[in-house]
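Just so we're aligned, residue 30 is where the sequence shown starts under the numbering used here, counting upward by one.
All C-beta atoms, glycine included, are put in the ideal place defined by N, C-alpha and C.
Note that the structure is a prediction, hence the values are computed from the model and not measured.
This report concerns only the one structure given below.
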Amino acid sequence: MSVSKGILSTIFRGFTEDVLKETIFKDLKGKQRLEVKKIKEYLKDLSIKVDTPINNSEQLKQYFLNSKVDESVLKILMKKCFNEAGINFDTIEFDKILDRKMCWNIFESIFNIYPITNSKVSDRKMKTEEVNDKEQEILKKSKIQNINSISIKNLQEIYDKANKIYMEEKLDICEFDLTENMPVTMQDDFYMIINDENLAINTNCVGLVNCNENKVVAVGYLKVIDEKYYLIFAEKNIDYNSFEKNSSFKVIVFPVDSDLSLKNRDITLYEKECNIYYKKLEDTNNALCIDFGTSNTTAGSYKILNPNADYEHSVELVKFLDVTNNDIEKEIFPTIVYVKSCENEKIEYLFGYEAKKTIIDNDYDTKASVFYEIKRWINDIDEVEEVFDEKGKKRAVLRREILKAYIQHVIILSERYFKKHFKRIHFSAPIKLKEIFIGEMKNLFKYEYEIIPSSSSLDEGIAIIYNHIADNMKKNSNKHEKVMILDCGGGTTDLASCEYEYDLSGYNKKIEIKTRFENGNFNFGGNNITYRILQLLKIKLANHLRGNNNNKDIIKTLLKDDENDILSQVDDAIRNNQLINVKKDIYKDFDLAYQHAEKYIPTRFSECKLMNEKRKYKRNYYYLWQMAEAIKVEFHRINDLVAIDFNKEEDRYIYAKNVEQYYLYVNNGQKLEQYNNPMKDIEITIKEVRMVLFSDIYILLSSLLKDYSGVEDKKLLEYNKYKLSGQSCKINLFHELLKEFIPGKRIRYKGKSSNDSSRLKMACICGCIEYMRDKESGYIDPNMNIDKPKMIYNVYHIKQNGEELVLGMNKCNIVVSSQKGKHLEFIVRDNNNIEQKRFTYDFVNGYKMNKCIQIGELISMMSQNAYISEFNIENAIREKLESIDASDRPIVVCILPSRVKYGMNIYQILVDEKGYYIQENNRFECFESLETFFDGMR
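Pasting the structure below:
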């Protein structure tokens, strides 16, 4: 058997490269991080002239492989990079490198090359970039800087007069299926390859031309990744009608330095034929499942991309393009809304990664309104938000409109991903808010989609459990279990119990699921952890600015108690209902240091009156927030990470990918000034992060599991397993502290390093998809029983001489007032006696009343929408109502827990000799106050 010279050459080259690499670099440990910006600095230092743009690894590769660049120049650059990175190498062996291709292969094997981020910078930032003369010349010549500046009509004019060069061999383009009314994105994999290393094209403009009519039918741009030129077309820039009866098209592109202005009469373009097949957008009967989260949202369905997938591989999650990170596909989508324009009647928003990117591109300093944690609006969905756009224009918008716009966008992205139109949507809802959540989704989308009703859908807790059940059914194990679910999301933490049993006999599997909300914290989630790390950063920086040399010990000084002492203090506080006091005591010095740090790094922008200063304060907070979030994720991702050293470039890249934006505004005693490289000479360790979070997490767990704690109480041991959900639960500290309450075997977790800290977030969405798949295929016959949520709050009427309980666990009371009264004051405390909110109920005068009714009918009417039984209500208030002197026509107020919403209904009742008159529209009040980290008060 003969072997061609080409194959032998390839084998020899690969062998030679491997051997050379081993002999050149004897002590090399893993790949090194190297930014393209650094390479450009080295080129300038070496006085090496560059005639082509170098902004990413692909362009750097083209530079290495360019025959016009001398190989000796490449070797000089390589040596400079090795020396600057502290890499020892054998110069004699290095000189044995054969050619430019081997230079590139060895260079790429040594370095992870990071592109220049945020290439679409403002004019102000462009001036600071070190762009070589040739690049500046190309930028000046090219009149098309983004696709929004050219239309199909404009491109037709250019095409008609252009000198056309047909590229038979130099361009190769794949076939493509275009779906009706769908844009063409990176995920559609429509790309071309350039087979000539000397051919450079303008990536700012690409067009499609109908071969039969020479008519331009689409205009877009190119995105270059790994030698592939992806064709990107927005929906508004495609003439879909032109694709219905034709499949022969030409791709047209332009030389890199083309002047694409309409005035230019001397334009050259390259064209190449390709086949594009048009497909109608079809409906699918499969439901789209959405897990709408406080910080991130996920979506998916089953057997759409691959209808023939087997049972284990049938779940399909939507992958979203992260435009802040080189269009990497991710299965989570940030719950962020950015108000772009209020000019037209329909407000223009940006969502998720696009919103995040715009905030970054604006240097974290935006005039436009940005909304986080919008899921928490669900109880107050009809509140009005005052919004501002990029030009400072103002509008008043209902929260429900912003919510709908965000969720509609998630649905649109999902339909683009699957290339199907969904008719049915399944929402997973918080267990304690399921009825109101599903009800509001039905109201939002009543004309567009069928929303799966609450009786047929899963709440977030059961979804997590069903993901566990589906796994067990595959293994044919654990047919009966009692499970406790701890879900620590972005803004809230919920504890729910679940008991399930299934029967595998018969043609379908019968599943009985019983669940109940047990406890929760409406104001603790992953964002609290991010905020604690932000406090840590701000305290250490302020301490450094003061000139103190004790930065390594500052946190230890502020949080003096060791872990065993904290455990004892919290346990004592739980027993004595003093949890709020012990938390204040533990964090007293730490919180005080954070307040003092405001003098040096101001972040409380809501209090600032001066516009310029306010924007600087706001910029400080949001930049510190993204730093803290990135550091949190890194500690989640790598459980054995010891420290982040802010002097190390590779560590800095974790939280400050764009060097130009790596600054804060600090107070020098007279004014705010820009302080570059702010964390220089500062380090934070995993030990410090642990110290800052330890008390918060143990207090959270103690408050949630309070009813189950105690050596003599065996309730916790009744549960076979404890399921943890939410990215925050990936912290080892969660698992370690849970062992204070639960045997370790029942919460075993593979806590190894992982590049995907979102895995725990996926349990909920995967459980929803598996449930819908199994139910709709007839695989299961489910029966769900949702108990009323446990009442974890007490409501008190504030009187002149103290407080009176008016609502508690299976308890209620009435408050009687004269008609001369104007209002009543109430306070809500949780079962740890921690105040959650205060509110005032103002009497409604001249209200429309229902007809006169008697006491039995009154109690029956109120009990219909209450979680307390009619029997308990009657026992609690009947005798008191009957004893009221009706001659003065007093006003009675009765507060009952809502059956539909997680809060309380407040009933105002007028009493006279004839009977009782109940106010027609009773008021609803949430149990908790809505706290946020984005109100400018921190």
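So if DSSP puts residue i in a beta bridge, which residue, or which two residues, is it bridged to?
i: Gly329; result: Cys318, Leu346
i: His450; result: Asp312
i: Arg952; result: Ile935
i: His455; result: Cys318
i: Phe54; result: DSSP, once it has assigned bridges, lists no residue as partnering Phe54.
i: Ile493; result: Ile493 is not bridged to any residue.
i: Ile126; result: None, per the DSSP bridge assignment.
i: Glu530; result: His509, Glu541
i: Phe813; result: Per the sequence shown, the amino acid found at residue 813 is Met instead of Phe. Met813 pairs with Ile542.
Looking at the secondary structure, which residues open and close the alpha helix (DSSP H) in which residue i lies?
i: Leu427; result: Segment 423-427 is the beta strand (DSSP E) holding Leu427; no alpha helix (DSSP H) there.
i: Tyr188; result: 181-190
i: Gly932; result: Careful: Gly932 lies outside any alpha helix (DSSP H), inside the beta strand (DSSP E) at 932-940.
i: Thr586; result: 583-587
i: Asp390; result: 381-390
i: Lys463; result: 463-473
i: Asp206; result: Run containing Asp206: none in the alpha helix (DSSP H); it sits in the beta strand (DSSP E), 205-208.
i: Phe900; result: 899-911
How is residue i classed by DSSP in three states: helix, strand or coil?
i: Met513; result: strand
i: Ile947; result: strand
i: Ala525; result: strand
i: Lys172; result: Here the model assigns Lys172 a pLDDT of 45, short of 50, so the residue's position is not dependable and the matter cannot be decided.
i: Arg719; result: helix
i: Asn874; result: coil
i: Arg967; result: coil
i: Met155; result: Only weak support is given to the placement of Met155: the predicted model assigns it a pLDDT of 36, under 50, and the value that follows is read from those uncertain coordinates. Met155: helix per DSSP, three-state reduction.
i: Phe546; result: strand
i: Lys781; result: Reliability fails at Lys781, whose pLDDT of 41 lies under 50, so the model's placement of it is uncertain and the value that follows must be treated cautiously. Here Lys781 sits in coil by DSSP.
i: Thr714; result: strand
i: Phe553; result: coil
i: Lys369; result: strand
i: Thr869; result: strand
i: Thr214; result: coil
i: Lys193; result: strand
i: Asn641; result: helix
i: Leu19; result: For the chain, the structure presents residues 30 to 967; residue 19 sits outside this window and is missing.
i: Tyr307; result: strand
i: Cys923; result: strand
i: Glu374; result: coil
i: Tyr896; result: coil
i: Leu734; result: coil
i: Asn227; result: coil
i: Asn501; result: helix
i: Lys69; result: helix
i: Tyr536; result: coil
i: Asn112; result: helix
For the beta strand (DSSP E) containing residue i, list its first residue and its last residue.
i: Tyr143; result: 140-143
i: Ile357; result: 357-359
i: Tyr220; result: 220-223
i: Phe417; result: 413-417
i: Phe123; result: No beta strand (DSSP E) contains Phe123, which is instead part of the alpha helix (DSSP H) from 120-123.
i: Glu64; result: 61-64
i: Glu242; result: Looking at the DSSP string, Glu242 is not in any beta strand (DSSP E), and its letter there is neither H nor E.
i: Asn696; result: 692-696
(message) What ranges does the alpha helix (DSSP H) occupy inside the region 248-305, keeping only unbroken runs of at least 4 residues that lie completely in it?
(response) none
(message) Threshold first: 4 residues or longer. Then list the alpha helix (DSSP H) segments lying entirely within the region 816-863, N to C.
(response) none
(request) Please specify which runs of the alpha helix (DSSP H), each continuous and at least 4 residues long, are wholly inside the region 74-109, giving them in chain order. (result) 86-94
(message) Does the contact criterion of 3 or more C-beta pairs under 8 Å hold for the region 428-446 versus the region 210-230?
(response) yes
(message) Whether or not the region 555-567 and the region 830-844 are in contact is what I'm after, with contact meaning three or more pairs of Cβ atoms, one per stretch, closer than 8 Å; do they touch?
(response) no
(message) Can you confirm whether the region 626-639 touches the region 695-706 when touching is taken to mean that 3 or more C-beta pairs between the two stretches lie within less than 8 Å?
(response) yes
(message) Between the region 248-259 and the region 285-295, can you find at least three pairs of beta-carbon atoms closer than 8 Å?
(response) no
(message) Suppose only complete runs of 3+ residues qualify. What are the beta strand (DSSP E) ranges in the region 737-772, listed by chain order?
(response) 750-754
(message) When you compare the region 412-431 with the region 446-464, are there three or more beta-carbon pairs, one atom per stretch, that lie closer than 8 Å?
(response) no
(message) Threshold first: 4 residues or longer. Then list the alpha helix (DSSP H) segments lying entirely within the region 588-645, N to C.
(response) 592-604, 608-626
(message) Using a Cβ distance threshold of 8 Å, determine whether the region 327-340 contacts the region 467-478, with at least three qualifying pairs required.
(response) no
(request) May I ask you to verify whether the region 343-350 touches the region 506-520, counting CB pairs closer than 8 Å and requiring at least 3? (result) no
(message) For the structure I just gave you, are there three or more beta carbon pairs, one from the region 796-816 and one from the region 532-547, closer than 8 Å?
(response) yes
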